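One structure is given below, encoded as structure tokens.
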Amino acid sequence: MLECADGSYYTGSTWDLEKRLWEHQNGLGAKHTAKHLPVKLVYCEECERIEDAYTREKQIQGWSRKKKQALIAGDMNKLHSLAECKNDSHHLNVGFDSAHPTETPACSLNEATDRSLSGAEGNKANTETE
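Converting from the sequence shown to my numbering requires adding 218 to each position, the first position being numbered 1.
Okay, structure coming up:
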């Protein structure tokens, strides 16, 4: 997950986190990040398969700003609380609730602080989050 100069978040996936971060920081990434430079890496996860990274990317893109901030801060209690469905149909277990996916991708968490980009492995996919 990248934080842009305007405070917005950008979420994406890549095979090469170092290279993709450099592209974003130099205006060669997504249009959103190019318009809101500078950007900084605030959170990432490492996945064994790119499909898992894409799934996780889409999940996080659908989250509220508060949920993203809780994820960045590593506050899993707050994240869990924010993920709870609070609508009337919750007790009936009706409809699609993206806050509670039925399947969690096989991604491992990396703390946003003290992260070394040189540790990104070429054979694993990374999820940058918006």
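Backbone N, C-alpha and C fix where the C-beta goes; we use that ideal spot for every residue, glycine too. Keep in mind that this is a model prediction, so the values were computed, not measured.
(request) Inspect the CB distances between the region 268-279 and the region 246-258 and report whether three or more fall short of 8 angstroms. (result) For the pair of segments examined, the region 268-279 was found not to touch the region 246-258: the number of CB pairs separated by less than 8 angstroms stays below three.
(request) Determine the contact status of Lys276 and Leu300, defining contact as a CB-CB distance below 8 angstroms. (result) One thing to note: Lys276 has its Cβ no nearer than 8 angstroms to the Cβ of Leu300.
(message) Applying the 10 Å Cβ sphere with the 16-neighbour rule, what's the burial state of Asn344?
(response) buried
(request) Closer than 7 angstroms by C-beta to Leu297: which residues in its own chain qualify, once you throw out the five before and the five after it? Chain order, please. (result) Lys285, Ala288 and Leu289
(request) State buried or exposed for Thr320, treating a residue as buried only when at least 16 other CB atoms are found within 10 Å of its CB. (result) Confidence in Thr320 is poor, its pLDDT being 47 and thus under 50, which makes the residue's placement too unreliable to answer from.
(message) Between the alpha carbons of Asn295 and Arg283, how many angstroms are there, rounded?
(response) 16 angstroms
(request) Pull up the distance between the alpha-carbon of Glu241 and that of Lys304, whole angstroms please. (result) 39 angstroms
(message) Report the CB separation of Ala223 from His254 in whole angstroms; it is logged as a contact under 8 angstroms.
(response) 5 angstroms
(message) Would Thr232 and Met219 qualify as a contact pair, given that the criterion is a beta-carbon distance under 8 angstroms?
(response) no
(request) Could you please give the first and the last residue of the uninterrupted beta strand (DSSP E) stretch that includes Glu264? (result) In the DSSP assignment, Glu264 falls within the beta strand (DSSP E) that extends over Cys262 to Cys265.
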